[in-house]
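For the sequence shown, numbering that gives the first Met the number 0 assigns the number 0 to the initial residue and increments by one for each residue that follows. All residues carry an ideal CB built from backbone N, CA and C; glycine is no exception. Note that the structure is predicted; figures quoted are calculated from it, not measured. Working notes for the structure below.
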Amino acid sequence: MPIEKFGNGGVVCLRGGRIVTFDDSDRIVENGELWICDKKIISVGPRGEYEPPKGPVEYVDVTGQLIIPGMINAHTHSYSSLLKGTVEKDPLDIYMLSVIASGSAMTAREIYIAAQLDALSMLRTGTTALIDHYSERPALSAEGLEAVRAAFTEIGIRATIATMFADRPYIETIPIERDTLPPEIVAEYNARTIPDVKAYFAVMESTLKSISTDERVRIILGVDGPQRCSDLLLEMTGDFQKRHHCGLHTHMLETKTQASMRPSEGPGFVRRLFDLGGLDEKSSLVHFIWADEDDIQAAKEAGVTVIHCPASNTMLGAGLSPILRLRENGIPIAYGTDGSNCGPPSLFETMRMGAYLMRLTEPDFELWPDARVILKEAYRAGAKAIGKPDEIGFLASGACADFTVMRPFNHWHLPMGDVYRHLLYYENGESVQDVWVEGRRIISEGRITTVDEEALLAEAQEIVARRRRSIPAKALSAVEAQYPFFRAMILRTLDSDIGIERRISLD
Ligand SMILES: [Zn+2]
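Here it is as structure tokens:
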């Protein structure tokens, strides 16, 4: 029977698998059946227990295989799928210089291909839902937004697009004095146009009007870290949130250089954004490494989710997020891979690193959450951040039919011990066989069913080659000219005392 026949709106039964539900009672069903109808799960239980409604049923034999809820990647940047292998050991502020230099405007087609490529890597490693912190240069456009939305809609992944935007010149958002830079660099910064705040909200208003909140691909605010925003932008963000209540997804306190830009008086970045109405329980703060006690309390009061990105946090040397302290405060922790220029967008690998790192900050090992807890909390928090709490991240009647079927039958997994420990400590996405989103089989026996994978990869390679050739030599030499000043700024800031520490000293 052709695979495409499955999951086109009828009743489907996956039969014979081991179903790890992550439901309220953490049921694991051996030799189970998972029934779906249209976009929803209608039953999960032992084989033969469920009496299906009259009518045709399509059966899928998953004997001996493992079914888990689809993973939720709560922070990515789709454009970065075209920048794999371009980052070595650059802290964020230096990396940003390169991104700005090479970040000439992408065409709608390039945006589309980048988004599908990122989604492809995620689907093939068991991720069914993502938040794309969608960055467009020089500024958000209706055409670009439509391209990224079409890309996710057509490839079949569940996606929330958070439209990234900031309006302060980068040089003003870091602890460096303009006057200390070479005059030609300063002149270049001064010549840059400031993105139009009102145009951003106009695009958001018209886009939100045109889509329903039930759609698989959604749009929310992605106004970037407060230190990168003018007062007007922050105020308009609060106002927009009060009217639309769509949620805000933003980078927050990723580096010590950002934390050192905190105003010396008055509320910190998180509380200020909360006071203005910008944060609510639908919102999420990404990284949240250099958060002090009041930042943590403000995040708790706002009801936000924190998105932990342990791979990029360590690759860029940003620091350790105080994850266990956030958990103690009841703040939900979801996981994100961050841009694909900071390593592969495999959520299994990201979560494993997160589990390891939190153990370095707390000596009492009884306080370390175990594999089942970390996975379950990530599913719950990811579903909340993506705007689908109580609908995705678990397998039970009424949930969305978003799940991953795995064949953990290779040398990594046999003989198999505790299933949660295998998922967190051994899996990297290689065992993924089938991925279903909204009742549709998007990955089937390791192949994507919705796009031509070879053509997608070929076009992505062409785009990257073309864009590399088009980077102006002037932009690259500007990065080189700024490098020593930025390096000095980073080292000076890391050496300063701001009252909290988030890096390890082996003294
Ligand atoms: Zn990011």
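**Asked** In its own chain, which residues sit with a C-beta less than 6 Å from the C-beta of P1, not counting the 5 before and 5 after it?
**Response** Only weak support exists for where P1 lies, its pLDDT of 37 falling under 50; the value from the coordinates is given anyway. Excluding residues within five positions, none has a Cβ falling inside 6 Å.
**Reduced DSSP secondary structure (H/G/I, E/B, other) of A290** = coil
**Request:** Under 6 Å Cβ to Cβ from I154, same chain only, skipping five residues before and after it: list those, please.
**Result:** Q115, A118, T449 and V450
**Asked** Hey, out of I170, L180, E187 and P137, whose CA is closest to F164's CA?
**Response** Taking each of I170, L180, E187 and P137 in turn and checking the Cα distance to F164, the smallest one comes out for P137.
**Item:** Residue nearest to A354 in terms of C-alpha spacing, selected from P52, V431, Y424 and T254
**Value:** Y424
**Asked** Using the rule of at least 16 other Cβ atoms within 10 Å of the residue's Cβ for burial, across every protein chain shown, is N409 buried or exposed?
**Response** exposed
**Request:** With DSSP as the reference, label S140 as helix, strand or coil.
**Result:** coil
**Prompt:** Where R440 and R157 are concerned, what is the direct C-alpha to C-alpha distance, given to the nearest angstrom?
**Reply:** 13 Å
**Asked** When burial is assigned at 16 or more other CB atoms within 10 Å of the CB, is N189 buried or exposed?
**Response** exposed
**Message:** Count Cβ pairs between the stretch 353-373 and the stretch 106-113 that sit closer than 8 Å; are there 3 or more?
**Reply:** With a cut-off of 8 Å, the stretch 106-113 and the stretch 353-373 do not count as touching, because too few Cβ pairs lie within range.
**Message:** For a test of your reading of the model: does the CB of V43 fall under 7 Å from any non-hydrogen atom of ligand 1? Yes or no.
**Reply:** no
**Prompt:** T179 lies in the alpha helix (DSSP H); which residues open and close that run?
**Reply:** Element bounds for T179: n/a, residue is neither H nor E.
**Prompt:** Whose C-beta lies closer than 7 Å to the C-beta of V478 among residues of the same chain, with five residues either side of it excluded?
**Reply:** L96, S97 and A100
**Asked** Do the stretch 314-333 and the stretch 275-292 make contact, defined as three or more Cβ pairs closer than 8 Å?
**Response** yes
**Distance between L356 and P388 (C-alpha atoms, nearest Å)** = Near 27 Å, if we compare the C-alpha coordinates of L356 and P388.
**Asked** CB-CB under 6 Å to I503, same chain, minus the five flanking residues each way: which ones, in chain order?
**Response** none
**Prompt:** Alpha carbon to alpha carbon, how far is E237 from S79?
**Reply:** The amino acid at residue 237 is misidentified as Glu; the sequence shows Gly. C-alpha separation (whole angstroms): 29 Å.
**Request:** Can you tell me which of P343, E183 and S396 puts its alpha carbon nearest to the alpha carbon of R191?
**Result:** E183
**Message:** Which residue marks the beginning of the alpha helix (DSSP H) containing Y378, and which one marks its end?
**Reply:** A370 to A384
**Asked** How is N409 classed by DSSP in three states: helix, strand or coil?
**Response** In the displayed model, N409 falls within coil according to three-state DSSP, outside both helix and strand.
**Asked** For M405, which residues of its own chain have a beta-carbon under 8 Å away from its beta-carbon, when the five flanking residues on both sides are left out?
**Response** Closer than 8 Å at the Cβ level, and outside the excluded window around M405, lie Q64, L65, I66, I67, G125, E426, S430, V431 and Q432.
**Asked** So, is E135 buried or exposed, given that buried needs 16 or more other C-beta atoms within 10 angstroms?
**Response** buried
**Prompt:** What's the C-alpha gap between S320 and F239?
**Reply:** 29 Å
**Asked** So Y133 is in the alpha helix (DSSP H); what residue range does that whole segment cover?
**Response** Element bounds for Y133: not the alpha helix (DSSP H) but the beta strand (DSSP E), T126 to Y133.
**Message:** Let me make sure I understand the geometry here. Which of E176, I175, P174 and E145 has the alpha-carbon closest to that of T162?
**Reply:** By alpha-carbon distance to T162, the top candidate from E176, I175, P174 and E145 is E145.
**Request:** Indicate the three-state DSSP secondary structure (helix, strand or coil) for C399 in the structure shown.
**Result:** strand
**I160 - containing beta strand (DSSP E), residue span** = Going by DSSP, I160 is part of the beta strand (DSSP E) stretching over R157 to F164.
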